[in-house]
Every structure is written in C-alpha cells, then in structure tokens.
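As structure tokens, the structure follows; a few thoughts come after it.
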Amino acid sequence: MAYSREWLLECILMKMKSPRLYQHIRINKILALPGKTCLKKSLQHFKSGFGFNKKVFSVLKGKTDSLENSEKHGNLLFDELKLSENLKMDSNGVVQGYVNYGPDLTPDSEMDLICNHGLVLLFQPFRGDWVQIIGVLGTHQNVKADHLSKILIEAVILCENAGLFVEAITGDGAAWNRAMWRKFGIGQSKEGIVKYKVVHPCDSARNLHFISDFPHLLKCLRNRFLSKGYLTPAGEVRPEFLKEAWKQDQKSTVKLKVMPKLSYVHLHPNGFEKMRVNIAFQLFGDEVIKGLSFYSEEISVYGEPKPTVDFIKRINNLIKVMTSRTPKTALRNGSSQSKSLLDFVEFINKWEESSKAINCLGYLSKSTALGLKVSIQSTLSLLSYLSSAVNFDYLLTSRLSQDKIENLFSIVRQSKGCNDHPTPTEFLTIIECLTFYNLARAPKSGNSGPSVVNALINPTQPLNSAKEILQGLLDDLIDSGKLTEACKILKDSTSNQNLSIQHSDSRLIYYTSGYIVRKFLKITRCEECRVLLSDKQDDTDTVIEEAHYTKQFDLGGLMYPSQQLFELVCILENHFTECISTNSLHRDITFEIVEELKGTCFPFIGCKLHDKELTKKIVKFYILTRMHFYLKNTNQFTEQKRKRLNFLKLRRNCVTSLPFLPAFL
1 MAYSREWLLE CILMKMKSPR LYQHIRINKI LALPGKTCLK KSLQHFKSGF
51 GFNKKVFSVL KGKTDSLENS EKHGNLLFDE LKLSENLKMD SNGVVQGYVN
101 YGPDLTPDSE MDLICNHGLV LLFQPFRGDW VQIIGVLGTH QNVKADHLSK
151 ILIEAVILCE NAGLFVEAIT GDGAAWNRAM WRKFGIGQSK EGIVKYKVVH
201 PCDSARNLHF ISDFPHLLKC LRNRFLSKGY LTPAGEVRPE FLKEAWKQDQ
251 KSTVKLKVMP KLSYVHLHPN GFEKMRVNIA FQLFGDEVIK GLSFYSEEIS
301 VYGEPKPTVD FIKRINNLIK VMTSRTPKTA LRNGSSQSKS LLDFVEFINK
351 WEESSKAINC LGYLSKSTAL GLKVSIQSTL SLLSYLSSAV NFDYLLTSRL
401 SQDKIENLFS IVRQSKGCND HPTPTEFLTI IECLTFYNLA RAPKSGNSGP
451 SVVNALINPT QPLNSAKEIL QGLLDDLIDS GKLTEACKIL KDSTSNQNLS
501 IQHSDSRLIY YTSGYIVRKF LKITRCEECR VLLSDKQDDT DTVIEEAHYT
551 KQFDLGGLMY PSQQLFELVC ILENHFTECI STNSLHRDIT FEIVEELKGT
601 CFPFIGCKLH DKELTKKIVK FYILTRMHFY LKNTNQFTEQ KRKRLNFLKL
651 RRNCVTSLPF LPAFL
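Using UniProt numbering, you'd call the opening residue of the sequence shown number 1 and step up by one each time.
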C-alpha cells in the first residue's frame, strides 16, 4: 500500500507520542497505519544535520506570507536536553556523535568532544497556536556564553529574514545563561539600574528583550524559602508556619480539610520533585493562604505569621499575572495586573536595600533576584510596545515561558519509551520530524499543501562531500598499490601470530574473512572473481594454518577465504588496530585510516578486468564494518560505566537515608 508523505509524517508523530496506542490502532485495523519498516525508511528522508536548516527557513518564509502581521511577533526560546553519549558511523564513513553546531559554527576546541546535550531553539508567537523549531545543536555539557550569544544572534537574524519578528529571548536561570546576558550587557549596575533590553540587531527602531523562565525562577525562590526562609522589610518569612498548618490539617482523616491538595511532597521535596513546576505553584496557592488563615492561632507559636502570609499572597498574585493563558486573565496596559508587577519590582528593591545592612542574609539569590527584575521589566516593556506598535489588546504572559520547549522535550523522551536520554542520532531524527511537522501543518489563518512537505524532504543542496572524499581516498589507495613488493611485505606482516594489544589474533581474522567471502559472493557476477575469493575446505588444511580454528566450529555453512583475500584482510585488520591504538577517536578517523593505508602494499583480489574495483569495495566494506563494531563496543563500555555510576549514587543515597547505622558497619 502506498502512503502519502503527509500521512507518513502524521504517523511518525503519532508513534512518537504514544507507541502503545499506535500499535493498538494498527493491530486492530482501526486505521491503515504503516509498519515499523516503512516508518524507518521514511525517517531517512528527514535528515539534514545539526545547525540551522536553510530549507526550513525558505519554507517558513512562504508560510509567514499568509499570516497576519500580529501573528508574526513572538519569542525565541532555547533550552538544553541531556543526551546519552553514543558514537555511530554513517554510510560515508564519518563518525557521528561529536559536538556539532552546524557548518562554520562548531568551535575548533570542541570538535573532538563527544556530544551529551542537545540545544533546541524554538520560535513561539504571542498569538496563534503554532510553534516552530528553528535550530538544533549537538553540544558537550553547556554552550559557553561566547558561542551561545553568537548562536542566538544568528537565530534572530534568520527568523527576521524569514518574515518573523523576534521581540524577546527566553532561557532558564543557569549560570551560563546569565553569563550570556552579560555578553549583551544585561544586568544590574552598581547604582541599581537594571538593563533588560538591547537595540534589535535587525531594526534599530526596535528592542530585543531578555527574559528568564518564570517557572524556573519560582522553583529557585521556593527552594530557598523551604531551606532557609527569608527576612523581608515586613519581618521574617518562615516555612515552619506552613508545616505546622499542614500538620494540623492532617490530624484527622475523617474531618474536612482546609488544604486537601497540600502534601508532604510540597514541604519536603526531593531532587526530582523540586523540578516539578505544579508543586512549586501549589505551595503559594490560594489553598495555602486559606490554611494559614484558618490555623492562625495554632501556628502563632512560631511567631507572627502575618509577614509570611503577606509574602505568599504577593507571590500568589505574581504567579497569576506571569502565567496568564486566557484573554480574561491576560496582562493589559493600565490594568491592576500591570500595577501589581510594578509594585513587586518596588518590593524587591526595598527588600534588597534592607538586606544590604546584614550582608544580604534572608534575601533572594543574586541570580533569582536579577532574573525577576529583568523578566518583569521586559514583560512590561513588551506590553507597552505591542499595544502601541502592533495593536495588541493584551499579552498572554505564559507565552514568555519555556513551557512549549519543555513539552517538546517530553515528546522526545516519550518517543523512545523508558529511555529518558536519547542518543544524539535519535534526538536529531525526532527533532527534525517535529520541525517538518510544524511547518507542514497549516495555521488557522494560512494554508500549506503537499508542496511544503515535498520541499522539506526533497534535497535542495548537494549531498555531503564525505562520500566523495572516501571514494577519492580509496581510488588513490588502489592506484598506489605496489604489487611487486606485496609478497615480501605480506610475509613479514603475517608472520607474527602472537596476540598483542595492537593486533588481533590471526585465527579470528581468518574467521572474519569468511564473512567477507559470503558477502561478496552474493554481489559478484564474474565467475573468475568468485573463484579467487574463496577456497574449498579441503584445500585450506595445508595452505593456511589459521583455518583449523574455523573448521572446529564448522557445521557445514562456513566460508573459507582464499590465501590472497586472507592476506589482504590481515593487512587491513592490523592497520586498523594500530591506528585505533595510537590515535584518539575523532569524527574523521575513518578517512585517516584509509589515508595511512596508501603506503602499504597489498594484493589485488579478482580477475585482471575487475581486480581494482573489487579490491576497493572489499577495503571500503571491511573498514566501515570494522569501525561500526568498534564503535558499538565503545558505546557498550560507556553505557556500563554510566550504569555503575548510577548504582553507586543509589547506594550512597540509601546509606545516607538510614536513620542510624550499626556500630560494626
């Protein structure tokens, strides 16, 4: 059955979101869905590599032409996802899995670092229900501030050239993102003046605002509140009031509760629970405010609760203003919500001044305080600009957070089942499918047809030159072969049969050569070449000593290579192990191995008409196959090391969580 490309793309996304549901629909024939093999072949057409895809921006430019002007203004989000270290070789011989920012963007100092994080850049409009992935980068740990600032500027310029208007950039509160802010001059001066925007790189009449993800800021504020409490100008803000009110509410399982949603997790979150946004929001919710008021007498044993209640009310109101999702609760010019944001900035400034006398004890962390000041003032500035220049009636402040990119990461994790950390190759494939899907799906006020998907899938650029490079190296290698000296060289190279660190055992090399015989007998049509590839089992007893090991395990189906083929594979294997042992692994090591083979003498396999072509195919097949299995072993070792570290971490956590340990331990 032939499926359209649009339907295949829909099926790929459906399987990513829920593999079990996809299998259920297919088995029960509810819908005509393609199988795993069909989807796997379709995924091969959605590969473009890390960096910024020019095809995406060319199609995006056509899509924005059908949008209204107000739907083109939006926010650029960026965040990183943890990946599993995994190396994989493509069909061109290039080792994939290293740091890759895209063409001309990867720093030379990071070229040979293994990729373990993925950076995604996403555009979210202030109006409309669509988002668009702009770029994806493979990184090692976090991207340094110097490179991150350049990447963001390039992303802004590409979006603007595609017809979009990037008004703000949103990231989380990580240290390297704050360092990126400093590169743009964003921060607070000694005089207390906060700079939260810069001149737009594409339009001097506009500004580019910077925002810190509000849910992340609130989680940081919550963590410090539960661990140490705060000392505001109004008095002490202590978590003991909340804990005591919760204990009073839990005394009976029969009576009605004032705070039924509040649990032990809210007051004592572990490492994973601290990352949950809903738990942080509920800690400052209306339910907690009611509970503190209801149990005011019981909690007064810890002191005056009014500063704590006022602080929670202030944070509760801030959450409502900064996470509006509907026009009814949206932020409007001159509204009470915008006034409350100004009041909160004034509150933070007074709090900061009062805390200086006691060395900022009881105050927010510097990163959290700066993030709140910059984000709130950027929000108010954006509201003013959008209202006057773009005729916005309101601003949905939830569009300024990283919610959409977190939803994207959840799809990436879920697409591989229980695998929370996909490999770089899996990550790139999933992100590119989501990129193409967002472009192919038509917005409410626009349209997109089959031509959009065809433009994305069909290659508009020449293929990677890696295949041509490998082919050229093999041609030079064959042309430089010295057949007259081959016998002497081969005799010296195969005489040493001792197992060493840098060489494989010749008996295993012979066994592997039989696999090459089986592979090439299937694709070789010349009868003379077929004869020169293999020997009969009876002829190998006296000619090749290494054949005895293979014969011990032969049940009638193993193949026996000819003397010349065995000698060729010995040269290739010994050269491969020497190169791997003496050189560090990098993305172009396959080309380096073939390049160093030029000075080696080796026999040609096949008749006089086909010997060069057949030998070249054998060399290419063996080097690529050998590299594939070497990378597979490397990945297994890396995975075992990661599991050992995880078990060690779990063991330490179990020991530290015990209330006491026996004296003899």
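The C-beta atom is built at its ideal place from N, Cα and C for all residues, glycine as well.
Keep in mind it's a predicted model, so treat the numbers as computed, not measured.
Asked	Found
Is it buried or exposed, glutamate 191, if we count other Cβ atoms within 10 angstroms and call 16 or more buried?	exposed
Using CA coordinates, which residue listed in Ile153, Gln640, Ile623 is at the minimum distance from valine 94?	Ile623
Report all residues from its chain with a CB closer than 7 Å to the CB of phenylalanine 284; omit the five preceding and five following residues, and keep chain order.	Ile312, Ile315, Asn316, Ile319
Checking 8 Å against the spacing of the C-beta atoms, do aspartate 535 and proline 561 come in under that value?	yes
Given 8 Å as the limit, is there contact between the stretch 641 to 652 and the stretch 558 to 575, that is, 3 or more CB pairs closer than that?	no
Grab the span of the beta strand (DSSP E) containing glycine 102 for me, first residue to last.	Looking at the DSSP string, glycine 102 is not in any beta strand (DSSP E), and its letter there is neither H nor E.
Within 10 angstroms of its Cβ, does methionine 259 collect 16 or more other Cβ (buried), or is it exposed?	buried
Please classify histidine 117: is it buried, with 16 or more other beta-carbons within 10 angstroms of its beta-carbon, or exposed?	buried
If aspartate 90 and glycine 171 are in contact, beta carbons under 8 Å, what's the gap, nearest whole angstrom?	About 32 Å; that fails the 8 Å criterion.
Measure the alpha-carbon distance for lysine 41 versus isoleucine 134 and round it to whole angstroms.	25 Å
Cutting at 7 Å between CB atoms, please list the residues of its own chain near tryptophan 351, excluding the five before and the five after it.	Thr232, Pro233, Tyr363
Give me the residue from Cys607, His575, Phe604, Cys601 with the minimum Cα distance to glutamate 592.	His575
In this structure, how does DSSP classify aspartate 79 when only helix, strand and coil are distinguished?	strand
Considering only their Cβ atoms, is the gap separating leucine 395 from leucine 382 smaller than 8 Å?	yes
So, with DSSP's three-state summary, where would you put tyrosine 3?	coil
So, helix, strand or coil for leucine 645, using DSSP?	helix
How is isoleucine 211 classed by DSSP in three states: helix, strand or coil?	strand
Taking 8 Å as the threshold, find out whether the stretch 256 to 272 comes into contact with the stretch 196 to 212 through three or more Cβ pairs.	no
If you drop the 5 nearest sequence neighbours on each side, which residues of the same chain put their C-beta closer than 8 Å to that of glutamine 188?	Val194, Lys195, Leu370, Lys373
Looking at the structure shown, is lysine 197 part of a helix, part of a strand, or coil, going by DSSP?	strand
Please work out which residues of its chain come closer than 8 Å, Cβ to Cβ, to aspartate 310, disregarding the five sequence neighbours upstream and downstream, and give them in chain order.	Ala234
Under a three-way DSSP split, which group does lysine 55 fall into?	helix
Does the pairing of the stretch 66 to 79 with the stretch 118 to 129 give three or more beta-carbon distances under 8 Å?	yes
Hey, how far is the Cα of lysine 144 from the Cα of isoleucine 114?	16 Å
Tell me the DSSP bridge mates of glutamine 132?	Phe123
Could you check which residue in Arg238, Ala205, Leu331 has the C-alpha nearest to that of leucine 292?	Arg238
Less than 8 Å between the C-beta atoms of leucine 341 and leucine 386, yes or no?	no
As an exercise, report each continuous beta strand (DSSP E) stretch of at least 3 residues that is fully enclosed by the stretch 256 to 322, in chain order.	none
Helix, strand or coil: which one does DSSP assign to methionine 627?	helix
Keeping to the same chain, check which residues put their C-beta closer than 8 Å to that of serine 18; ignore five residues upstream and five downstream.	Gln414
Any idea what DSSP makes of proline 19, helix, strand or coil?	helix
What is the residue span of the alpha helix (DSSP H) that glutamate 595 lies within?	589 to 596
Is it a yes or a no for the stretch 502 to 511 touching the stretch 523 to 530, going by three-plus beta-carbon pairs under 8 Å?	no
Exposed or buried, what is isoleucine 211 when buried is set at 16 or more other beta-carbons lying within 10 Å of its beta-carbon?	buried
So for alanine 32, helix, strand or coil by DSSP?	coil
Grab me the residues of asparagine 333's own chain with a C-beta within less than 8 Å of its C-beta, minus the 5 sequence neighbours each way, in chain order.	Leu383, Ser384, Ser387
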